[in-house]
Each structure stands twice: as C-alpha cells, then as structure tokens.
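Worksheet: the structure to be examined is printed underneath.
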Amino acid sequence: MVNLRDIATSSARGTLVLTIGRFASILTSAIGMILVARMLSPEEYGLYALSLVLPSAFMLFNDWGINQGLVKYIAQYRSEEKNSKIIGLSISGLLFKLLLGISLTALLFILAGFLAVNFQGRPELGGYIRLISILILFQTLRGAGFSILLGLEEMEARAIMDIIQGLVKGIVSPVLVWRGLGISGVLIGHLISYVASSIYGLLILPSFFSRYGYFESDNVEFKGNIFQLVSYGFPLFLGGFFGGAVNWFRGLLMSWYIADVLIGNFSVASRFTSLISVFTSSIGSTLFPTFSRFTFKEEEKKLKEAYKASVSYSSIFVVPIVIFVFFFSEHAIRILFSDKYELAPLLLRILLLPVLLVGFGSLSNINLLNSQGYTKTTLRISVLRSLALAISSAILVFYFGIIGYAVSLVLSSFISVFFSLFLLDKTHDIIPNLKHSLKVYMGSIFSVGTAALVSSFIENEFKSLFLGGTVFLLLYFLISPLIGILTLRDINILQTMFNEFPLFYPIVNFLLEIEEKLVNLTLN
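The numbering of the sequence shown is my numbering, which starts it at 15 and goes up by one.
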C-alpha cells in the first residue's frame, strides 16, 4: 500500500536536493554569464547564442527515448528488487549513447561551414560551430548519467553534476573572455563545463552499482535492452524531436529576421527565466517517479489526490516568485546591466507568462500521463504544441520581430497545457483544484502589487528592490493562511515533509507554527 505522506516526504527530499544543486549551478553560471554579457557587446552575445543553434538541432537525434526508459525501468527494477538487471540496462544505454554521440559530433564538425552559410546565412559562425561540436558527445553522456542517477534516486550525485557544470562555466567563460578570447572563450567555457560534469557522472556510477550489489550480474543483452528502452521511450523521443525541430526552425527565423542586438536582449531575458527553472525543473524531475508509484486501475483515488497536491504545492511556491519577478523585472535588469539591454525587461515579462500555468498543472500533467504509460497521448500534445509554435512563430516573427518570437512561446504553452487538462478530465476525470489555484494567483498579485506600490517611492533601484522583496514576503506569508492558500492539513503535511531536514526544520517549523495560529484565527 502506497502511503501519501511517505511519497510526499520522499518527493520533497528529492526536490530540495535537486533545487539546491540546480540553484548553485545556475547561480554560478548566471553570475559568470552576467560578467560575460557586460564584457561582450550585445551583437557578440547574440552571435554566441546563434553558435548554439545548430548543435541544439543535432541534439534532437541523441536520445531516441533512452533517457526516459532508463529512469522508468531502473526505478521499476529497484522496486521489484531485480538488481541484476540494472547494470546491464545501464551499460547498454551508455554504450548506445556513446556511439550516437560520437557519430553526431563527427557529422556536425564536417558540415559546420556548409550549414552556417546555407542554413543560418552567417559564414562567420562556421568556426564557432566546429569548436563547440564536441559538446554533443558530452551532453549525450551527461543525459544518460542523469537518467541512471534519477532511477537510482541518487539525487545528491545528480545535484553535484549540476554544481560542477555551473561552477566550471561560471568561472572559465568570463576568465577566457577577459583574457581576450571573446566569443570563442564563452564557447570553450561552456564546453569544458559539460566535459567535467559528464566525466564525474560516469566515474561515480560504478560506486553506486557496487554499493547496491548490482555487480553480481554482467549479462548485458545489448540488443534486448535497447529494444526495451526504445519501445517505451520512442513516442517521447518523437515528441521531443518535433519540439526540437521547431526550436531549430525558430533559431533560423531569429538568424534571418532579427538583429543581433535584439537577440542579445532576448538572451539576457532568458537567463532570468533560467533562475525560475531552478524550482520548476526540480519539481518536474521528482513528479515522474512519484506518480509512477500509483496506477489508475488500482489506486485511482490516491493518484488523483497526489496529482492535486502536486499542483497545489507547486503553485504555492512557484507562482508568487514568478509574479514578483514579473513586477520587478526592470529593477533587476537595470541593477545588473544598467540600460544596456533596454528591451530585456519586456521580453522577460512575456517569457514568464507560461511559467504561471503551474496552477493549471503545467508541471504535473505530462508527468502524470507518462507515469501511466500514455506516451502516445503525450506525443499528440507535443505535436500540437510544436505545430502551434511553428505557425505562430512564422507569422509573429515576420510582423513583430523579437516580441513576436517571445509571444509565440506563450501561445503554444497555453494551448498544450489546456489541451492536456482537457484530455485528463475527459479520460480520467482528473483536474487540479482550480479554486485553490485562483487563491494563489490572487494572493500573489495582491502581495506583489502592494510591494511594488510601496517600493515605487524609492528612487534607488537596489533599495527599491530590497524593500519590495521584504514587503512581498511578509504580505504573502501573512495572507496565505487567511485566504485559504494554506490549510491546517497543508501545514501538517509540510511539517512532516521538512522533518527529515534537520538543517531547515527548526526555522521552517517556527514559521509553520505561526501560519497554524493564523489559520486558527480564521476558524474561530
């Protein structure tokens, strides 16, 4: 029998560990890239972004569903105590990814000049693309290592891989640019960070296999294992392929119709959204194995409860942060870049809109469907999103430039999220607690709006941002229990979840006790 409290505690632990790792990684990387953006011109920063378009396109072919299959079956074999199968499956997946990565790297290196001229219309990119081509190999191996560690629930090791990648990139890239290497320096730093992270992941895997006793069997059965992995993951690969192909097409549109200075503005805005992804990606990574512990047939009620809880708790933490960044985007960008990237605040606000869909299950819907084996359904959703993104991009970029480029992301995200909601409701009568989501949106807007009003009387950008953040946190903390964002049951579950973390529990428990008293005031 699956215990929801145990599941919540396990998921919270995994989310917290991954969040810490990703936050450290993205923070160090972001600091480094901020320094890079200050040293490079907007045009040079735009060329750096364009240099990664073709490698990203080749990365579409580097998986074939292997990564998702590794997560699913390693986790499944662990729960079934079929330890002897895990090492064979892992070795097969790694070997397949190694061969695939080498082939794609060689192909891009050979075709770099031709593709830069004929597809991007930027002959000057050829050398940069050759330089970064080996990134494909190490990103491929890193993805396989990530998936194996997730299946083994070794979140600490996966977090360390993130930290290594961000730390190396955050240090090496700005140093090389400072030493006069320019765009090449940024690319070399980017490449070295993935090399270091993937090597660590590959070196640490044998110790985990040995610790769990998985070296007892060396029966790899390469063909059978690859067939098993691809059979499950291929629909997911196709969905990712269509999405990646559209992103590549969008990269070409950017090259053809948008000036380098505007691309630089968009890249800066994207860096800020990557900080938000610290929370969203960590939550999403833990939901797939969490939902996999339930089945529609045997535990439908608990699965529905777990789904609604995932949406509610994700919203409580993600929505207010996103709305705060939305209101204070100009402050943050001006503090870091002065007025160098004038369009970045507006682009950042547009890019944040899809993240707000967390209250409608944007982090939960696809993970729920995949956990129950409905990979063909998620393929339909992915294809619909890709078509919407391609069509809207072609139209909006032509007429509205970089603004249209950003808006097309919003439109396609809304379509895919609400279509997935429609399918879940139609097939299994599963929908989020939309009443609770509305409370989170209203409470967040009120708290941030009030904070923005108070801070507007201060001219200094840094002081205004600090005051706004303080007022926002205080108001959201006070209003959450008063309007029903947090209930006594939620507080009790959160206390249980954080009880496993001695470092955080005292302060978290103190704050939750205050919230509990505020809830009781509303009940009296």
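Note that beta-carbon positions come from the ideal geometry of N, C-alpha and C, so glycine has one too.
Q: My understanding is that L243 touches G115, with C-beta atoms under 8 Å, so please give their C-beta distance in whole angstroms.
A: Looking up residue 243 in the sequence shown gives position 229. Looking up residue 115 in the sequence shown gives position 101. The pair is not a contact, with the Cβ atoms about 16 Å apart (cut-off 8 Å).
Q) Buried or exposed: where does P516 fall if 16 or more other Cβ atoms within 10 Å of its Cβ makes it buried? A) The residue labelled residue 516 in the question sits at position 502 within the sequence shown. P516 should be labelled exposed.
Q) Cα separation between S161 and V292? A) Taking the first residue of the sequence shown as position 1, residue 161 is located at position 147. Taking the first residue of the sequence shown as position 1, residue 292 is located at position 278. Answer to the nearest angstrom: the Cα atoms are 18 Å apart.
Q: Whole angstroms is fine: what's the gap from L367's alpha carbon to V424's?
A: For the purposes of this step, residue 367 is taken as residue 353 along the sequence shown, with counting starting at 1. For the purposes of this step, residue 424 is taken as residue 410 along the sequence shown, with counting starting at 1. Going by the C-alpha atoms only, they are around 6 Å apart.
Q. Secondary structure at E306, three-state DSSP: helix, strand or coil?
A. One-based indexing of the sequence shown puts residue 306 at position 292. In the sequence on display, residue 306 carries Ser and not Glu. Of the three classes helix, strand and coil, the one that applies to S306 here is coil, per DSSP.
Q) What are the complete alpha helix (DSSP H) segments, minimum 4 residues, inside the segment 256-317? A) 274-305
Q.
For the structure I just gave you, are there three or more beta carbon pairs, one from the segment 69-79 and one from the segment 279-297, closer than 8 Å?
A. no
Q) Unbroken alpha helix (DSSP H) runs of length 4 or more, entirely within the segment 448-491: which are they? A) 448-469
Q.
With the cut-off set at 8 Å, would you say S70 and N279 are in Cβ contact?
A. Taking the sequence shown and counting its residues from 1, the one referred to as residue 70 is at position 56. Taking the sequence shown and counting its residues from 1, the one referred to as residue 279 is at position 265. For S70 and N279, no; Cβs fall outside 8 Å.
(Q) Measuring only the C-alpha atoms, how far is T309 from L317? (A) Against the sequence shown, residue 309 aligns to sequence position 295. Against the sequence shown, residue 317 aligns to sequence position 303. Their Cα atoms are separated by approximately 7 Å.
Q.
Please report the distance separating the alpha-carbon of R394 from that of S400.
A. In the sequence shown, residue 394 corresponds to position 380, counting from 1. In the sequence shown, residue 400 corresponds to position 386, counting from 1. So the two alpha carbons sit approximately 10 Å from each other.
Q) For F476, is the classification buried or exposed, using 16 other Cβ atoms within 10 angstroms of its Cβ as the cut-off for buried? A) Within the sequence shown, residue 476 is the residue found at index 462, counting from 1. The residue is exposed, with fewer than 16 neighbouring Cβ atoms inside 10 Å.
**Q.** Alpha carbon of F248 to alpha carbon of G238, nearest angstrom
**A.** Counting from one through the sequence shown, the residue named residue 248 turns up at place 234. Counting from one through the sequence shown, the residue named residue 238 turns up at place 224. When rounded, the distance between both Cα atoms is 15 Å.
(Q) Using only CA atoms, which one of Y246, S329, L30 lies nearest to I499? (A) The residue you call residue 499 lines up with position 485 of the sequence shown. Residue S329 is the option with its Cα nearest to I499.
(Q) Among the candidates L398, K311, V85, I405, whose CA atom is the shortest distance from the CA of S430? (A) For the purposes of this step, residue 430 is identified with residue 416 of the sequence shown, where counting begins at 1. Ranking L398, K311, V85, I405 by Cα distance to S430 puts L398 first.
Q) Is it true that the CB of G203 sits closer than 8 Å to the CB of M175? A) On the sequence shown, residue 175 is found 161 positions in, with the first residue counted as 1. On the sequence shown, residue 203 is found 189 positions in, with the first residue counted as 1. Cβ atoms of M175 and G203: not closer than 8 Å.
Q | Span of the alpha helix (DSSP H) around L166 | A | The sequence position of residue 166 within the sequence shown is 152, counting from 1. That residue, L166, is in no alpha helix (DSSP H); it is neither H nor E in DSSP.
Q | Host alpha helix (DSSP H) of G115 (start-end) | A | Numbered from its first residue, the sequence shown carries residue 115 at position 101. Counting along the chain, the alpha helix (DSSP H) containing G115 begins and ends at 98-132.
Q | Alpha carbon of N381 to alpha carbon of L360, nearest angstrom | A | The count along the sequence shown starts at 1 and reaches residue 381 at position 367. The count along the sequence shown starts at 1 and reaches residue 360 at position 346. Distance between the alpha carbons of N381 and L360: 31 Å.
Q: Count the other C-beta atoms from every protein chain shown that fall within 10 angstroms of the C-beta of M268, then say buried if there are 16 or more, exposed otherwise.
A: Here residue 268 corresponds to residue number 254 of the sequence shown, with the count starting at 1. So M268 counts as buried.
Q) In terms of residues, what are the limits of the alpha helix (DSSP H) holding T391? A) Here residue 391 refers to the residue found at position 377 when the sequence shown is read from its first residue. It spans 389-442 - the alpha helix (DSSP H) in which T391 sits, taken as one unbroken run.
Q) Excluding sequence positions up to five away, which residues of its chain have a Cβ less than 6 Å from the Cβ of A126? A) Taking the first residue of the sequence shown as position 1, residue 126 is located at position 112. So the qualifying residues of the chain are G140, I143, R144.
Q: Since I believe V325 is in contact with P220 (beta carbons under 8 Å), could you give me their beta-carbon distance rounded to a whole number of angstroms?
A: Position 206 of the sequence shown, counting from 1, holds the residue named residue 220. Position 311 of the sequence shown, counting from 1, holds the residue named residue 325. With 8 Å as the limit, P220 and V325 do not qualify as a contact, their Cβ atoms being about 39 Å apart.
Q: Could you check the C-alpha separation between V31 and A171 for me, to the nearest Å?
A: By 1-based counting over the sequence shown, the position of residue 31 is 17. By 1-based counting over the sequence shown, the position of residue 171 is 157. If you take the alpha carbons of V31 and A171, they lie about 10 Å apart.
Q | Coil, strand or helix - Q386 by DSSP | A | Reading the sequence shown from its first residue, position 372 is the one you call residue 386. If DSSP states are grouped into helix, strand and coil, Q386 belongs with coil.
Q. Exposed or buried, which one is G194 when buried takes at least 16 other CB atoms within 10 Å?
A. Your numbering for residue 194 matches position 180 in the sequence shown. So G194 counts as exposed.
**Q.** Limits of the unbroken alpha helix (DSSP H) element including P446
**A.** Position 432 of the sequence shown, counted from the first residue, corresponds to residue 446. Segment: none, P446 is in no alpha helix (DSSP H) and carries neither H nor E.
**Q.** Identity of the residue in V468, P520, E529, G482 nearest L496 by Cα
**A.** For the purposes of this step, residue 496 is taken as the residue at position 482 of the sequence shown. The shortest Cα separation from L496 among V468, P520, E529, G482 belongs to E529.
Q.
If you reduce the DSSP assignment to three classes, tell me which class D540 lands in.
A. Absent from the structure is residue 540, since the part of the chain shown begins at 15 and ends at 538.
Q) Per DSSP, what kind of secondary structure is S55 in: helix, strand or coil? A) The count along the sequence shown starts at 1 and reaches residue 55 at position 41. Note: S55 maps to coil in three-state DSSP.
Q) So is R285 buried or exposed if we call it buried at 16+ other beta carbons inside 10 Å? A) Stepping through the sequence shown from its first residue, residue 285 is reached at position 271. Buried, because 16 or more other Cβ atoms sit within 10 Å of the Cβ of R285.
Q.
For K86, count the other beta carbons within 10 Å of its own beta carbon; 16 or more makes it buried, fewer makes it exposed. Which is it?
A. The count along the sequence shown starts at 1 and reaches residue 86 at position 72. Answer is buried; the Cβ neighbour count reaches 16.
Q | For E314 and L435, the rounded distance between their alpha carbons | A | On the sequence shown, position 421 is the one that residue 435 refers to. On the sequence shown, position 300 is the one that residue 314 refers to. For L435 and E314, the distance between alpha carbons rounds to 17 Å.
Q: Name the residue from S207, I277, A259, F518 whose alpha carbon lies nearest to the alpha carbon of K183.
A: Residue 183 sits at position 169 when you count from the first residue of the sequence shown. Among S207, I277, A259, F518, the Cα nearest to that of K183 is on S207.
(Q) On the CB-based measure, 16 or more other CB atoms within 10 Å of its CB, does T536 come out buried or exposed? (A) If you number the sequence shown from 1, residue 536 lands on position 522. T536 should be labelled exposed.
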